């Protein structure tokens, strides 16, 4: 309402102190229309049952609110000007020009206010996200430094190549990864860095003689996931990546996305939103 008084006074200067009364009345009209729009949207935009769609719902609902509320508020103001403020100013009669001018001002103000709150809450959200990543990195370090219980009759290797308790069929922490052809890779599970899907092949990155080696196997990520399902520290962080959390140097947040910085090779693996919960759960549970 103040913006209207500034950009389009519509004769308020002729009303002296009564101008403030009219601004308050217009404010009440605008607020009432906002409440009416809110009631309408309860039936137009249904609230999702799942919290996972909460962000999409808020964005979708806010857009609908602007599309419905802005023309209604502009129309309410024009009707008030037409029936109440035409005594001294002839230009307050209801017309298409007046409606469009009022609509542009209201739309601009709504956009500016929405932009302000968007950036305000975005900065607050990013601060919360960075704090969450910091705590997750601390839990990751604790997980990597915690002593691990060896298999029955076995021992824990030194921290540089320590052995995680293996499923049945895996001896001394070593595991055999097979492809659909004759290719295979035998490696210590603690030396596995990550596995990446590359077309009809998978790229297995692992340590050998303190150097990073890459082996290609003709296989699917589903086959690799099934082979490694007994190892809780091997998780799916992305549809194209399986990662060994014990070989993650740091979890980083960059441009709204989360990435895992891998030791030794310093490659960054993306973490998809759908797999983020699985990564967090694995870090906490291990």
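Residue numbers (our numbering): 4 to 289.
The beta carbon of each residue, even a glycine, is placed where N, CA and C say it ideally should be.
None of these values were measured; they are calculated from a predicted model.
By the neighbour-count criterion, in which a residue is buried when 16 or more other Cβ atoms sit within 10 angstroms of its Cβ, residue 257 is exposed. Counting only the Cα atoms, residue 35 lies some 17 Å from residue 110. Going by C-alpha positions, residue 215 is about 11 Å away from residue 265.
A straight-line Cα-Cα distance of about 37 Å links residue 7 and residue 131.
Across the structure, residue 287 and residue 197 are spaced so that their CA atoms are roughly 20 Å apart. By the Cβ neighbour-count rule, residue 193 is buried, with 16 or more other Cβ atoms within 10 Å of its own.
Within the DSSP secondary-structure output, residue 206 pairs in a beta bridge with 199, 219. Within the segment 233–285, the complete beta strand (DSSP E) runs of at least 3 residues fall at 237–241, 244–247, 251–257, 260–265, 271–274.
When secondary structure is reduced to three states using DSSP, residue 136 falls in the helix class.
Residue 73 carries a helical assignment under DSSP once its states are collapsed to helix, strand and coil. Spanning the alpha carbons of residue 88 and residue 280 requires a straight line of approximately 59 Å.
Under the three-state reduction of DSSP output, residue 214 falls in the strand class.
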